[in-house]
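**Q** This is the structure I have questions about; it appears just below.
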Amino acid sequence: MKAVLCKAFGPAESLVLEDVASPALKKNEILLEVHAAGVNFPDTLIIEGKYQFKPPFPFSPGGEAAGVVSAVGEKVSHLKVGDRVMALTGWGSFAEQVAVPGYNVLPIPPSMDFNTAAAFSMTYGTSMHALKQRANLQPGETLLVLGASGGVGLAAVEIGKAMGARVIAAASSAEKLAVAKAAGADELINYSETSLKDEIKRLTDGQGADVIYDPVGGDLFDQAIRAIAWNGRLLVVGFASGRIPELPVNLALLKGAAVLGVFWGSFAQRQPQDNAANFQQLFGWFAEGKLKPLVSQVYPLSHAAQAINDLGQRKAVGKVVVQVR
């Protein structure tokens with residue numbers, strides 16, 4: 001089979017496309033014939049040795065995939081050969097086949113195509129867990145989404161609206177904000193042209209945002225925590241800006257605020273039943289047309305390095321997908 005390989009930590013340009021043996025199947029795994037793989041921010045980190053996990057060389061990047069089950073380990077009972085599924089792989093999805101533990105695989109709705117499914121699990125799974133289990137977002141509350149045109153940001157906008165929140169989308173350009181508006185955002189903030197903190201306060205009559213969804217970090221975190229509401233919750237989702245911010249804890253004290261970490265991959269493994277319930281709700285909203293995943297660019301497997309680069313340089317809106325077959 002063909003696979004995009006990382007043989008040493010480095011930039012995306014160092015990745016190679018080669019023929020390799022099909023993966024061996026363990027008893028608790030399924031073998032997935034990959035049709036499409038989602039590209040996510042962790043892919044930009046894992047190939048440079050900057051992610052929480054460092055797979056042994058050589059490995060394929062790609063943390064999520066969609067395709068068809070072609071073999072089932074003897075300990076997997078909820079899946080069968082021929083099932084159309086999405087899978088959380090951690091790495092390995094930029095290949096024609098990948099072996100995945102059965103607990104990380106979910107059947108996809110009949111109306112969902114493979115490109116959409118490949119763009120769905122990580123972004124919507126992360127944002128649902130963040131807003132439901134971590135923030136306990138309530139109808140009528142104000143949700144601020146930073147990086148609102150990216151994959152997890154757009155998912156947070158749509159899920160926030162489905163949960164009954166008033167959503168303020170923040171992004172760095174008018175073009176990106178137009179995408180967030182189309183996803184249902186009620187208010188928009190262009191933080192390249194105005195003060196994020198001042199605009200949050202203006203749009204909330206000085207009260208601040210009840211929930212802040214932050215996949216960006218850096219300077220935006222510094223401003224956002226200063227415009228959080230009483231009893232507000234700030235969700236730490238990632239650090240796309242490149243800088244991990246530090247929190248003056250007196251700011252949390254003064255607002256009775258909570259800063260909450262969001263690590264969906266670990267949640268999915270530790271609380272599989274809660275994760276499955278989240279996805280049943282997400283699939284229901286998808287069927288109702290409340291969630292419309294935006295796949296803005298599709299690359300062939302041979303151009304996976306370009307896909308990773310474009311995402312890392314923040315050129316993409318919505319999700320980027322590598323189409324394998």
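Per UniProt numbering, residue 1 is the first one in the sequence shown, and the count goes up by one each step.
Just so you know, even glycine gets a beta-carbon here, dropped at the ideal spot from N, CA and C.
Computed from a predicted model, the values in this text were never measured in an experiment.
#1: May I ask you to verify whether the region 172–186 touches the region 130–148, counting CB pairs closer than 8 Å and requiring at least 3?
#2: Report yes if the C-beta distance between F239 and P245 is below 9 Å; otherwise report no.
#3: With distances taken from CA atoms, which of W285, Q223 and N190 is nearest A155?
#4: Helix, strand or coil for M112 per DSSP?
#5: So M86 and A71 are in contact, right, with Cβ under 8 Å, and what is the actual spacing, rounded?
#6: Cutting at 6 Å between CB atoms, please list the residues of its own chain near G164, excluding the five before and the five after it.
#7: Residues in the same chain with beta-carbon distance under 6 Å from L251, minus the five sequence neighbours each way, listed in chain order, please.
#8: Please determine if the region 118–136 and the region 289–296 are in contact, where contact requires at least 3 C-beta pairs separated by less than 8 Å.
#9: Measuring straight from C-alpha to C-alpha, what distance separates D83 and S77?
#10: Express the C-alpha separation of A171 and P23 in angstroms, rounding to a whole number.
#11: For V68, which option in A3, G256, L79 and Y213 has the closest C-alpha, if you only look at C-alpha atoms?
#12: Exposed or buried, what is G242 when buried is set at 16 or more other beta-carbons lying within 10 Å of its beta-carbon?
#13: Report yes if the C-beta distance between V16 and V34 is below 9 Å; otherwise report no.
#14: To the nearest angstrom, how far is it from the Cα of Q306 to the Cα of A12?
#15: Quick one, which of K315, R314 and L301 has its alpha-carbon nearest V321's?
#16: So the candidates are N309, W264, R314 and G312; which of them puts its Cα closest to the Cα of Q133?
#17: By alpha-carbon positions, which one of L25, G10, G73 and E74 ends up nearest to residue 331?
#18: In chain order, what are the residue ranges of uninterrupted beta strand (DSSP E) at least 3 long that sit wholly in the region 51–100?
#19: Return the CA-CA distance between L31 and T126, expressed in angstroms with no decimal places.
#20: According to the Cβ coordinates, are F114 and A36 closer than 9 Å?
#21: Are the CB atoms of T89 and residue 336 within a distance shorter than 9 Å?
#22: Roughly how many angstroms separate the alpha carbons of A276 and T44, rounded to a whole number?
#23: Ignore the nearest five residues each way along the sequence and tell me which others in V157's own chain have a CB closer than 7 Å to its CB.
#24: Using DSSP with H/G/I as helix, E/B as strand and the rest coil, what is G153?
#25: Report buried or exposed for S93, applying the criterion of at least 16 other Cβ atoms within 10 angstroms of its Cβ.
#26: Assuming I46 contacts P61 under a Cβ cut-off of 8 Å, what Cβ separation, rounded to an integer in Å, is found between them?
**A** In terms of the structure at hand:
#1: The region 172–186 makes contact with the region 130–148: 3 or more CB pairs, one atom from each, lie closer than 8 Å.
#2: Yes, Cβ-Cβ distance for F239 and P245 is below 9 Å.
#3: The shortest C-alpha separation from A155 is found at W285.
#4: Coil.
#5: The Cβ separation is near 17 Å, so there is no contact.
#6: Excluding positions up to five away in sequence, the list reads P139.
#7: Cβ neighbours of L251 beyond the five flanking positions: I225.
#8: Contact between the region 118–136 and the region 289–296 is present, because at least three Cβ pairs lie under 8 Å.
#9: For D83 and S77, the distance between alpha carbons rounds to 12 Å.
#10: P23 and A171: Cα-Cα distance of roughly 41 Å.
#11: Measuring from the Cα of V68, the nearest candidate turns out to be L79.
#12: With fewer than 16 other Cβ atoms from the protein chains shown falling within 10 Å of its own Cβ, G242 counts as exposed.
#13: Cβ distance not < 9 Å, so V16 and V34 don't count as in contact.
#14: Cα-Cα distance, rounded: 7 Å.
#15: Residue L301 is the option with its Cα nearest to V321.
#16: Out of N309, W264, R314 and G312, the CA that lies nearest to the CA of Q133 is found in W264.
#17: Outside the shown range of the chain (1 to 325) lies residue 331, about which nothing can therefore be said.
#18: Runs found: 64–72 and 84–88.
#19: When rounded, the distance between both Cα atoms is 24 Å.
#20: The answer is yes: Cβ separation under 9 Å.
#21: Any property of residue 336 remains undetermined from this structure, which presents the chain solely from 1 to 325.
#22: So the alpha carbons of these two residues sit roughly 27 Å apart.
#23: For V157, where only same-chain residues beyond five positions count, the Cβ hits under 7 Å are V145, A148, V167, A169, A180, A183, G184 and A185.
#24: Reduced to three states, the DSSP call for G153 is helix.
#25: Residue environment for S93: buried (at least 16 other C-beta atoms within 10 angstroms of its C-beta).
#26: Indeed they touch by this definition, with Cβ atoms about 6 Å apart.
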